[in-house]
Amino acid sequence: MKRRYRLVLSIQKSKGRAIVEGINMVSKSTKPTAKYPQGGIIKLEAPIQLSNLALIDPKSGKPTRIGRRKNEDGKTVRYAKKSGEEIK
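Taking the working numbering as reference, the numbering of the sequence shown is continuous, increasing by one, and the terminal residue is 91.
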């Protein structure tokens, strides 16, 4: 089974939310405008919590959890728990 990962369209850092392509679709009624001359019902993506997103492991390309550790220079860096590779 091939899994298709979705594209993050925008992130609202202050609200802790993100808009992801094709996820959490809502229907919105609109009046006719120059952009939508017919008006009617349009489908839009609504924001979801950032905690519901997973980062992709740079080595394997699969979703992974994130850890923090010190590197050689003493700086704290994020790393992928599955492969142990540093995330930049």
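The C-beta atom is built at its ideal place from N, Cα and C for all residues, glycine as well.
Grouping DSSP H, G and I as helix and E and B as strand, with all else coil, what is residue 3?
-> Since the first residue of the chain shown is 4 and the last is 91, residue 3 is not available in this structure.
For residue 30 and residue 46, believed in contact at Cβ under 8 Å, the rounded distance = The residue you call residue 46 lines up with position 43 of the sequence shown. The residue you call residue 30 lines up with position 27 of the sequence shown. Residue 46 to residue 30, Cβ: 6 Å. Contact.
Check the C-beta distance from residue 56 over to residue 67 and give it rounded, since I have them as a contact under 8 Å.
-> The residue given as residue 56 occupies position 53 in the sequence shown. The residue given as residue 67 occupies position 64 in the sequence shown. Residue 56 to residue 67, Cβ: 12 Å. No contact.
For residue 10, which beta-bridge partners are listed by DSSP?
-> If you number the sequence shown from 1, residue 10 lands on position 7. In DSSP, residue 10 forms no bridge with anything.
Residue 76: buried (16+ other C-beta within 10 angstroms of its C-beta) or exposed?
-> Residue numbering aside, residue 76 sits at position 73 when the sequence shown is read from its first letter. Exposed, because fewer than 16 other Cβ atoms sit within 10 Å of the Cβ of residue 76.
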